[in-house]
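Engineer: Just passing along the structure, written as structure tokens.
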């Protein structure tokens with residue numbers, strides 16, 4: 001069933017129109033391909049930091065807000081706990097983070113940056129700049145792209 005409010009005239013596309021099934025007409029395919037290409041662009045930059053892309057996202061969240069519970073990192077990174085746990089274990093093995101008990105609730109663990117993790121933020125400053133240069137987009141285009149992808153994310157929750 002087509003969503004009528006998103007089509008200027010219902011005659012534009014019919015439910016039996018097989019162009020709906022063309023790969024090149026799929027928003028999901030464009031997003032998937034662009035996401036994979038973007039992650040590939042990050043790979044050599046993050047290799048210099050000895051981070052994977054998911055580890056980088058966790059570190060970004062911690063550089064912005066240190067000393068948080070896992071639940072907060074789940075919210076910030078949008079990873080589920082099952083995905084986040086091995087990432088945290090690996091970052092802890094690399095001595096970038098520490099897990100400590102919360103002083104407010106000893107049952108809760110806080111994730112805090114280790115000194116090495118804090119220091120890594122200085123090296124990481126070049127990553128966003130390099131990605132922006134690689135994208136070759138105007139600031140307005142980049143802002144629009146981010147806005148539209150965030151809108152898509154919220155609508156699909």
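Numbering (UniProt numbering), first residue to last: 1 to 157.
Ideal Cβ positions, reconstructed from N, Cα and C, are used throughout, including at glycine.
In this text the structure is predicted, and so the values were computed from the model without any measurement.
1. Is the beta carbon of residue 35 less than 7 Å from the beta carbon of residue 61?
2. Quick one: Cα of residue 39 to Cα of residue 22, how far?
3. Suppose contacts are defined by Cβ-Cβ distances below 7 Å. Is residue 45 in contact with residue 127 by that definition?
4. Go ahead and label residue 137 buried or exposed: buried means 16 or more other beta carbons lie within 10 angstroms of its beta carbon, across all protein chains shown.
5. Taking residue 112 as the reference, give the member of 157, 37, 24 and 100 with the closest Cα.
6. Measure the C-alpha to C-alpha separation of residue 37 and residue 149 and round it to an integer number of angstroms.
7. Tell me whether the beta-carbon of residue 102 lies closer than 7 Å to the beta-carbon of residue 93.
8. So which of 110, 54 and 68 has the shortest CA-CA distance to residue 84?
9. Mind pulling the alpha helix (DSSP H) runs of 4 or more residues that sit fully within the region 68-108?
Structural biologist: With the structure as the only source:
1. no
2. 25 Å
3. yes
4. exposed
5. 100
6. 16 Å
7. no
8. 54
9. 70-77 and 81-93
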